[in-house]
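Chemist: Dumping the structure here so I can ask a few things about it.
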Amino acid sequence: MLLVTILIGVLLAAPVHPQTDSVQRKLGYNPNYDVWYLMPPAQVQNLTPTVMKEYQRTKDDGGVCIKDNIWIYCRTGKPLN
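Letter by letter, the sequence shown follows residues -18 to -1, 1 to 63 in mature numbering (1 follows the signal peptide of the UniProt record, and there is no 0).
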C-alpha cells in the first residue's frame, strides 16, 4: 500500500508539459449542438466565417486544421487565403 501511495505521489509531482501550438489540430463541428471543436482537444480561437465556410466545403476531403495559429487545409498543408 505504501508503494502505491509513493507511486501516486511521484506521478502527481511530475511536471505537466503544456500543449504547444505546433501540434496540428483538426477542426470539427457538431450541428446538433452548434459547437465547433478541435481534435486533439484545445480551445477554438479566431474562428472566422471564412474558416467555417472552408470547413463545410472541405469536410469530406481532408477538412481544415490549425497549426501555429494559422488555419490550413489538412490534406495539403496550404494556408487558407
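The C-beta atom is built at its ideal place from N, Cα and C for all residues, glycine as well.
State the DSSP-derived secondary structure class of Val5, mapped to helix, strand or coil.
Modeler: One-based indexing of the sequence shown puts residue 5 at position 23. Coil.
Chemist: Among Pro61, Met(-18), Ile52, which one has its Cα closest to the Cα of Ser4?
Modeler: Counting from 1 along the sequence shown, the entry for residue 4 is found at position 22. Minimum Cα distance to Ser4 is reached at Ile52.
Chemist: Quick one: what's Gly10 bridged to in DSSP?
Modeler: The residue labelled residue 10 in the question sits at position 28 within the sequence shown. Paired residue(s): Tyr19.
Chemist: Determine the contact status of Leu62 and Glu36, defining contact as a CB-CB distance below 8 Å.
Modeler: On the sequence shown, position 80 is the one that residue 62 refers to. On the sequence shown, position 54 is the one that residue 36 refers to. Yes.
Chemist: For Ile48 versus Leu9, is the C-beta spacing smaller than 8 Å?
Modeler: Working through the sequence shown from its first residue, we reach residue 48 at position 66. Working through the sequence shown from its first residue, we reach residue 9 at position 27. For Ile48 and Leu9, yes; Cβs fall inside 8 Å.
Chemist: Residues bridged to Lys49 by DSSP?
Modeler: Locating residue 49 in the sequence shown gives position 67, counting from the first residue. Per DSSP, Ile52.
Chemist: Can you tell me the Cα-Cα spacing of His(-2) and Arg39, whole angstroms?
Modeler: Counted from its first residue, the sequence shown places residue -2 at position 17. Counted from its first residue, the sequence shown places residue 39 at position 57. At His(-2) the pLDDT is 48, less than 50, meaning the model places this residue with poor confidence and gives no usable figure here.
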